[in-house]
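Have a look at the structure below before the remarks.
Number of protein chains: 4
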Amino acid sequence: MDKKIESTEDKIIRAAIEIFSQKGYNGTTTKEIAVKAKIAEGTIFRYFPKKQDLLHGILVKAIEIMAPKIIGKGVAEIFDDNSDKSDREILIAFMKNRLEIVQQNFTLIKVVLNEAQYHPDIQELFFQKVLPPIKGIIDHFFMEGIKKGRFRQYHPSILTAMMVGTVGMSVLLQHNRHFVEGLSKEEIMEQMADVLLTGISKN
Amino acid sequence: MDKKIESTEDKIIRAAIEIFSQKGYNGTTTKEIAVKAKIAEGTIFRYFPKKQDLLHGILVKAIEIMAPKIIGKGVAEIFDDNSDKSDREILIAFMKNRLEIVQQNFTLIKVVLNEAQYHPDIQELFFQKVLPPIKGIIDHFFMEGIKKGRFRQYHPSILTAMMVGTVGMSVLLQHNRHFVEGLSKEEIMEQMADVLLTGISKN
Amino acid sequence: MDKKIESTEDKIIRAAIEIFSQKGYNGTTTKEIAVKAKIAEGTIFRYFPKKQDLLHGILVKAIEIMAPKIIGKGVAEIFDDNSDKSDREILIAFMKNRLEIVQQNFTLIKVVLNEAQYHPDIQELFFQKVLPPIKGIIDHFFMEGIKKGRFRQYHPSILTAMMVGTVGMSVLLQHNRHFVEGLSKEEIMEQMADVLLTGISKN
Amino acid sequence: MDKKIESTEDKIIRAAIEIFSQKGYNGTTTKEIAVKAKIAEGTIFRYFPKKQDLLHGILVKAIEIMAPKIIGKGVAEIFDDNSDKSDREILIAFMKNRLEIVQQNFTLIKVVLNEAQYHPDIQELFFQKVLPPIKGIIDHFFMEGIKKGRFRQYHPSILTAMMVGTVGMSVLLQHNRHFVEGLSKEEIMEQMADVLLTGISKN
DNA sequence: AATGAATGAGGGTTCATTCAT
DNA sequence: CATGAATGAACCCTCATTCAT
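Chains as they are written, first to last, in full-length UniProt numbering: chain A, 1 to 203; chain B, 1 to 203; chain C, 1 to 203; chain D, 1 to 203.
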């Protein structure tokens, strides 16, 4: 009953995300998208007059889907629900939650990040609409810690960058079983959070 | 006088790397490469019978160029030349050196990493020829620190992953001036190394 | 009003046969075919993904068109309708009928025979699907004559080969007015049939 | 010692004939010819400025090689040396001799006949220089027979055509073992000659 | 004379886009 | 609205031909 009510536009977007993530934008034909979406090739162009427009549609979709998860519930939930937890537990919960979100929307994120490299308009949208709120929240998190004297005096954006880099790496590690052997996804994330936290914390 | 003695094959490879890094493999035409290399389009196919073969040529080039830098001089230089330095100074030197190498070969690395996503054979080569030696060296560095009791008991590969992620992020930061404002490349790298080191070190 | 209802596929096949017969497969461009068929070049590839496939399409067409003419009506008609005629009249009718069929489909046959030389798959199809039935019928005709004591004891396949060679030559003679001067198509065919018949007949 | 003294031009011609006969003129690259002739590709163009010129070279070669065999020795030899033989023996010897010549120069003849279809200048040369003498000789042979009252009153050119067609078919039969089973090359030729002779002879 | 690297026009083929149904 | 046949520009690639060595 989920598929039945999916609009034609959504079917197209979904198919496009999936194939773009596998073959890249330029490596994907509109025919392939039509087949995966189970519609006629011509139908795509009723919704997205140019193939390019599909990328914009995807980015809009990405913002729609991820914005609430990242901005809305995410932060409040973690910090409020865990107000009685230690810093370590909070950071780990925070990073695990991020990892979760990224992994759930992996193909979507992959497409956006990959194509942003080559499409200046996508890039611009990404740097103006997508990145700032995410960065803002994490920056804020670290700034609070610094202000409250629990974290050392680093530039918050650097800590944000490191956390993003760390979470990013841990995502990539999930896709490369040989890199770290013998540890579960959770354990990896925890050890990484530990290193970060120890490096950041005042004592 | 530099260009005069460059072989036709090298001219092609160089042009291909440059344009692939800007537009991606599938977004680049052999015509564009020919124009940039200032040769006839047909000449490309004397050296690389299929466009695909250009990617292999690039990967081979990448291995040729970077292998000595990463494996050879890099490690010995830093650790031997700095044997009287503190851990902090060594790690910073190490990471800065890495950053330098990555930045000097940024377009080349960008192409390889991007296309490895879509070309299984490139991916395989990368995971079998390129990644292992790099990972081995860094793993070794951290294992030594752990063995000598200076670093805590983390899984070395996790520390490697974090360092790579950190260096990777710092490269990206160079290309996004808005992310961290007010700090130089050096300062960013140093703060990051500091966080890592503090997180890792025993005391 | 004839052309209007011709399918795009048939238009392509027809144009291809015509140009292939004039310039050979390798001497013909898909562009030329498209122009002659009055369609866009790209359209050809909706029906025949590879240029090669055009040859198969033509061979299939050839079998479709000629099989009924050769196997079906041809034999029955001649032998049944002429049961009261002399051997000479039957053979002449038979050969004339064959000549007619070959001449009507001259370009088609020319293409198949020419390209069979260079395309093993076409060759195989020809020797397995096209030749056997034709040879079978003619062999049968001569075998009957031999069995009934009207023809001498030659190997039937040799007589078939001679008849085919003779009809083939007479086709070529139509295209070379200088070879036999002063005789009509009918007279040539009749004299040839006469020679054959006299050579074959018992008395 | 045969190859050593072969001129570069002859090496090219020989290689060209061989490959043209296998792949056709348009299906053959000058590179392939160069490789088979064991020379550099550029060398071909010193002798034959255009690829087309190779065909003329081949035709000239064909005339050079075959003219003496067909016109000169051939006829005299057979008729003089066999003056005490029966008509049947003479005709068989004649046809066998022709068959021999054709088979020895099969690739050469194949190329000329095939390409004459598509190259008007080759065609013209063939119909003006090659065909007439051959036709003339055979016509003469049959005319003599008719004049001397041994052969019936057919148009000589028709008999020539049939003989050529018959010899031609027998050549093709050599390349198709399945057509006539159980008979040797000699037996086939003899039976064919028998049919022709019986058909032609007066009693 | 011979070489073979370089050329570039042109070939087969792909694919985003249009449009009549 | 949806379809899919048709389009043709542009792509990758081939190959006859040129020319510096």
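Using N, Cα and C, we set each Cβ at its ideal position, and we do this for glycine too.
Exercise for the section: Helix, strand or coil for B/K3, going by three-state DSSP, please let me know. Expected result: For the purposes of this step, residue 3 of chain B is taken as the residue at position 3 of the second sequence. Because B/K3 carries a pLDDT of 44, less than 50, the predicted location of this residue cannot be relied on, and no value is offered for it.
Practice task
Could you tell me whether the Cβ atoms of residue 224 of chain B and B/T160 are closer together than 7 Å?
Solution key: The shown model of chain B, from 1 to 203, leaves out residue 224 of chain B, and the question about it has no answer.
Exercise for the section: Would you mind listing the alpha helix (DSSP H) stretches within the UniProt domain "HTH tetR-type" (6-66) of chain B that are 4+ residues and don't spill past its ends, in chain order? Expected result: 8-23, 30-37 and 41-47
Exercise for the section: Anything in chain D within Cβ reach of C/N26, meaning under 7 Å, just list it in chain order. Expected result: Stepping through the third sequence from its first residue, residue 26 of chain C is reached at position 26. Simply G24, N26 and G27.
Practice task
Could you tell me whether the Cβ atoms of B/T28 and B/I19 are closer together than 7 Å?
Solution key: Position 28 of the second sequence, counted from the first residue, corresponds to residue 28 of chain B. Position 19 of the second sequence, counted from the first residue, corresponds to residue 19 of chain B. Yes. Within cutoff.
Practice task
May I ask you to report which of helix, strand or coil DSSP gives B/F94?
Solution key: Within the second sequence, the letter at position 94 stands for residue 94 of chain B. Three-state DSSP puts B/F94 in a helix.
Handout entry: Spatial neighbours of A/K51 in its chain, beta-carbon cut-off 7 Å, leaving aside the 5 residues before and after
Key = Your numbering for residue 51 of chain A matches position 51 in the first sequence. T30, listed in sequence order.
Exercise for the section: List the whole-angstrom C-beta distance separating B/L108 from B/A62, where the pair is believed to meet the contact cut-off of C-beta under 8 Å. Expected result: Counting from 1 along the second sequence, the entry for residue 108 of chain B is found at position 108. Counting from 1 along the second sequence, the entry for residue 62 of chain B is found at position 62. With a Cβ gap of about 5 Å, B/L108 and B/A62 count as contacting.
Practice task
Have a look at D/F94 and D/T43 and give me their C-alpha separation to the nearest angstrom.
Solution key: Stepping through the fourth sequence from its first residue, residue 94 of chain D is reached at position 94. Stepping through the fourth sequence from its first residue, residue 43 of chain D is reached at position 43. Each residue's Cα considered, the two are about 42 Å apart.
Practice task
Let me know if D/D2 comes out buried or exposed under the rule of 16 or more other beta-carbons within 10 Å of its beta-carbon.
Solution key: Translated into positions along the fourth sequence, residue 2 of chain D becomes position 2. Note that D/D2 scores a pLDDT of 47, beneath 50, so its modelled location is shaky; the value from the coordinates is reported in the next line. So D/D2 ends up on the exposed side.
Exercise for the section: Please decide whether D/M1 counts as near chain C, where near means a Cβ-Cβ distance under 7 Å. Expected result: The sequence position of residue 1 of chain D within the fourth sequence is 1, counting from 1. Because the pLDDT of D/M1 is 43, which lies under 50, any placement of that residue in the model is unreliable, and the question is left without a value.
Practice task
Could you check what DSSP says for B/S201 in three-state terms: helix, strand or coil?
Solution key: Position 201 of the second sequence, counted from the first residue, corresponds to residue 201 of chain B. The answer is strand: DSSP assigns B/S201 an E or B state.
Practice task
State the Cα-Cα distance for the pair B/K69 and B/K36, rounded to the nearest angstrom.
Solution key: As a first step, residue 69 of chain B is located in the second sequence; it is residue number 69 there, counting from the start. As a first step, residue 36 of chain B is located in the second sequence; it is residue number 36 there, counting from the start. Cα to Cα, B/K69 sits roughly 27 Å from B/K36.
Exercise for the section: Could you tell me whether the Cβ atoms of A/I188 and A/F151 are closer together than 7 Å? Expected result: Taking the first sequence and counting its residues from 1, one reaches residue 188 of chain A at position 188. Taking the first sequence and counting its residues from 1, one reaches residue 151 of chain A at position 151. No; because the gap between Cβ atoms is not below 7 Å, this pair is not in contact.
Handout entry: Cβ neighbours of B/I122 in the same chain (closer than 8 Å, five flanking residues each side left out)
Key = Start at 1 with the first residue of the second sequence, and residue 122 of chain B comes out as number 122. Closer than 8 Å at the Cβ level, and outside the excluded window around B/I122, lie L55, H56, L59, V112, E115 and A116.
Handout entry: Limits of the unbroken alpha helix (DSSP H) element including B/Q153
Key = Along the second sequence, one-based indexing puts residue 153 of chain B at 153. Segment: none, B/Q153 is in no alpha helix (DSSP H) and carries neither H nor E.
Exercise for the section: Go ahead and label D/P49 buried or exposed: buried means 16 or more other beta carbons lie within 10 angstroms of its beta carbon, across all protein chains shown. Expected result: The count along the fourth sequence starts at 1 and reaches residue 49 of chain D at position 49. Flag for D/P49 reads exposed.
Exercise for the section: Would you mind telling me which residues of chain A sit closer than 7 Å to B/H155, beta carbon to beta carbon, in chain order? Expected result: Counting from 1 along the second sequence, the entry for residue 155 of chain B is found at position 155. The answer, in chain order, is V180, L183 and Q191.
Exercise for the section: Following the continuous alpha helix (DSSP H) through B/F113, name the residue where it begins and the one where it ends. Expected result: As a working mapping, residue 113 of chain B is identified with position 113 in the second sequence. Rather than Phe, the amino acid found at residue 113 of chain B in this sequence is Leu. Start and end: F106 to A116.
Problem - Under 7 Å by beta carbon: chain A residues contacting B/T43 - result: To locate residue 43 of chain B, count along the second sequence from 1; it is residue 43. Within 7 Å Cβ-Cβ: nothing; B/T43 doesn't reach chain A, min ~24 Å.
Problem - Amino acids of chain D, ordered along the chain, whose beta-carbon sits closer than 9 Å to that of C/V164 - result: The sequence position of residue 164 of chain C within the third sequence is 164, counting from 1. The answer, in chain order, is G165 and M169.
Handout entry: Beta-carbon contacts of B/R46 that lie in its chain and below 6 Å, excluding the five residues immediately before and after
Key = Taking the second sequence and counting its residues from 1, the one referred to as residue 46 of chain B is at position 46. Closer than 6 Å at the Cβ level, and outside the excluded window around B/R46, lies no residue.
Exercise for the section: Could you check what DSSP says for B/V171 in three-state terms: helix, strand or coil? Expected result: Stepping through the second sequence from its first residue, residue 171 of chain B is reached at position 171. Helix at B/V171.
Exercise for the section: Find out if the Cβ-Cβ distance for the pair A/N97, B/N26 is shorter than 7 Å. Expected result: Numbered from its first residue, the first sequence carries residue 97 of chain A at position 97. Numbered from its first residue, the second sequence carries residue 26 of chain B at position 26. Result no, Cβ atoms of A/N97 and B/N26 do not sit closer than 7 Å.
Practice task
State the DSSP-derived secondary structure class of residue 206 of chain C, mapped to helix, strand or coil.
Solution key: Shown here, chain C extends from 1 to 203; a query on residue 206 of chain C therefore has no answer.
Practice task
Check the Cβ of D/V195 against every Cβ in chain C and list those closer than 8 Å, keeping chain order.
Solution key: Within the fourth sequence, numbered from 1, the residue matching residue 195 of chain D stands at position 195. By Cβ distance, chain C contributes Y154, I158, L159, M162, L196, G199 and I200.
Exercise for the section: Rounded to whole angstroms, what's the CA-CA distance from C/V130 to C/A67? Just pull it up for me. Expected result: Position 130 of the third sequence holds residue 130 of chain C. Position 67 of the third sequence holds residue 67 of chain C. Near 8 Å, if we compare the C-alpha coordinates of C/A67 and C/V130.
Exercise for the section: For C/G24, count neighbouring Cβ atoms within 10 angstroms of its own Cβ and tell me buried if that reaches 16, exposed if not. Expected result: Reading the third sequence from its first residue, position 24 is the one you call residue 24 of chain C. Result: buried.
Practice task
Report the three-state DSSP secondary structure of B/G145 (helix, strand or coil).
Solution key: On the second sequence, residue 145 of chain B is found 145 positions in, with the first residue counted as 1. Three-state result, B/G145: helix.
Practice task
Have a look at A/I5, A/Q22 and A/I33 and flag the residue whose alpha-carbon is nearest the alpha-carbon of A/I12.
Solution key: Position 12 of the first sequence, counted from the first residue, corresponds to residue 12 of chain A. Per the Cα distances, A/I33.
Exercise for the section: Throw me the rounded Cβ distance for the B/L196 and B/M163 pair, which I believe falls under 8 Å. Expected result: Taking the second sequence and counting its residues from 1, one reaches residue 196 of chain B at position 196. Taking the second sequence and counting its residues from 1, one reaches residue 163 of chain B at position 163. Contact flag correct, Cβ pair sits at about 7 Å.
Problem - Given D/Q103 as reference, the closest of D/Q22, D/Q174 and D/S184 once Cα atoms are compared - result: Along the fourth sequence, read from residue 1 onward, the residue named residue 103 of chain D stands at position 103. Of the listed residues, the one whose Cα sits closest to D/Q103 is D/Q174.
Practice task
For chain B, find out if any of its Cβ atoms is closer than 7 Å to the Cβ of A/V47; answer yes or no.
Solution key: Residue numbering aside, residue 47 of chain A sits at position 47 when the first sequence is read from its first letter. The displayed chain sequence assigns Tyr, not Val, to residue 47 of chain A. No, no contact with chain B.
Exercise for the section: Name, please, each residue of chain C whose Cβ falls closer than 7 Å to the Cβ of D/I39. Expected result: Residue mapping note: residue 39 of chain D aligns to position 39 of the fourth sequence, counting from 1. Result: empty, since nearest Cβ-Cβ is about 24 Å, beyond 7 Å.
Practice task
Name the two residues that bound the continuous alpha helix (DSSP H) containing B/E124.
Solution key: Translated into the one-based positions of the second sequence, residue 124 of chain B becomes position 124. Start and end: P120 to L125.
Practice task
Have a look at A/I138 and A/L172 and give me their C-alpha separation to the nearest angstrom.
Solution key: Locating residue 138 of chain A in the first sequence gives position 138, counting from the first residue. Locating residue 172 of chain A in the first sequence gives position 172, counting from the first residue. Distance between the alpha carbons of A/I138 and A/L172: 21 Å.
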